[in-house]
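All the letters of the sequence shown, read from the start, carry residue numbers 2 to 317 under this note's numbering. Where is the CB? At the ideal position from N, CA and C, for every residue including glycine.
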Amino acid sequence: MGKKVTVVGAGFYGSTTAQRLAEYDIFETVVLTDIIEGKPEGLALDLNQSRPVEGFETKVIGATTGPNGEGYEAIEGSDVVVITAGLPRKPGMSRMDLLGVNAKIVRQVAENVAKYAPNAVVIVVSNPLDEMTALAQIATQFPKNRVLGQAGMLDSARFTNFVAEELKVPVASVKTLTLGSHGDTMVPVPSKSSVNGKPLAELLPAEKVEELVTRTRNGGAEVVALLKTGSAYYAPSAAAARMAKAVAEDSGAVMPVCAWVDGEYGISGVYLGVEAEIGATGVRRVVTTDLTDSELAGLKEAAEAVRAKQADVADL
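Here it is, written out as structure tokens:
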């Protein structure tokens, strides 16, 4: 029996994620759902017609879903479900401004996922990310290792890209890491960032590193401001698809994700951006790394900021 992955939400983010997952050619089926009638079916038809050109066999299925869970039977038996549903940011909006409206959407989606794909690993990408990941776990009642959020992969990719452009080196030669929350309390980790194995601090002055850190923290807002309608999706979908691939292949790849932290770094009982080993069960384990005192302080600060907001989502 081949693997099945579902992407909930057929906007730019969801449809691009579905395309990437299909083009990997490791799944038997990719299901794309949306509440806009005909949209997921139309995109699925279009994606399937690209198969002869791109040379992949994965079948894409589109399904319109209704307010009372109609159409969700299409996701039955999914190994992985990526939740992209919800509204994107508009210029000037923070991720937190989306909390109320997206909470209702994510809760409804999560309840239907629990009903039709009770063994799935859930990857949340809806904003505000850390809070929506916590909400999805509450609504599905899944073990915490099976619900994770996509943030660190994207934030690290942005940081890596900015460093590579600044130093005019290939992106493949740059390694960076970001932890903490997806937003204002993001914690880029310069001490774990390097270019061809050389510490970033030896290649760039501290103020330039700080400038790139700030740009990374505001990476999404920068894209939103330029687009004026909608938010980033090429880089975010690449990150979400790689996470889904690690689950499907049970690869054990170590990636920065939003995961449940229970004692690591002296932090407990909160969803937070950390490095984790990803496999068929979702998060196999949180991977800790040596942080400087200020990086650790930043991570603990992020944990408390996120904890306060995550406590609120249970009631949304």
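Cβ-Cβ distance between residue i and residue j below 9 Å
i: Leu136; j: Gly274; result: no
i: Gly72; j: Thr65; result: yes
i: Ala23; j: Leu48; result: yes
i: Asn103; j: Pro129; result: yes
i: Pro189; j: Phe160; result: yes
i: Ile84; j: Val114; result: yes
i: Ala86; j: Gly150; result: no
i: Met133; j: Met244; result: no
i: Val262; j: Glu278; result: no
Residue i - containing alpha helix (DSSP H), residue span
i: Ala165; result: 153-168
i: Gly15; result: 13-25
Buried or exposed (CB count within 10 angstroms, at least 16 for buried), residue i
i: Leu127; result: The identity of residue 127 in the sequence shown is Ser, whereas the question assumes Leu. The residue is buried, with at least 16 neighbouring Cβ atoms inside 10 Å.
i: Tyr14; result: buried
i: Val258; result: buried
i: Glu203; result: exposed
i: Asp156; result: buried
i: Ser269; result: exposed
i: Glu211; result: exposed
i: Ser194; result: buried
i: Gly3; result: exposed
Length of the line joining the Cα atoms of residue i and residue j
i: Glu77; j: Ala19; result: 17 Å
i: Val81; j: Pro206; result: 42 Å
i: Tyr234; j: Thr290; result: 29 Å
i: Gly39; j: Glu112; result: 23 Å
i: Ala121; j: Met256; result: 19 Å
i: Thr17; j: Leu292; result: 35 Å
i: Gln50; j: Thr215; result: 42 Å
i: Val8; j: Ala304; result: 28 Å
i: Ala75; j: Lys169; result: 47 Å
i: Pro92; j: Gly220; result: 13 Å
Close Cβ partners of residue i (< 7 Å) along its chain, the five nearest in sequence each way excluded
i: Leu213; result: Phe160, Phe163, Val164, Glu167
i: Pro171; result: Ala165
Neighbourhood of residue i by C-beta, 6 Å cutoff - its chain only, sequence neighbours within 5 removed
i: Ala152; result: Leu130, His183, Cys259, Gly274
i: Pro89; result: Gly231, Ser232
i: Glu42; result: Gly63
Range covered by the beta strand (DSSP E) that runs through residue i
i: Met187; result: 187-189
i: Tyr272; result: 269-280
i: Gly150; result: 148-150
Cutoff 8 Å; reference residue i; Cβ partners in own chain excluding five residues on either side
i: Val319; result: Residue 319 falls outside the range modelled here, since the chain spans only 2 to 317, and no answer is possible.
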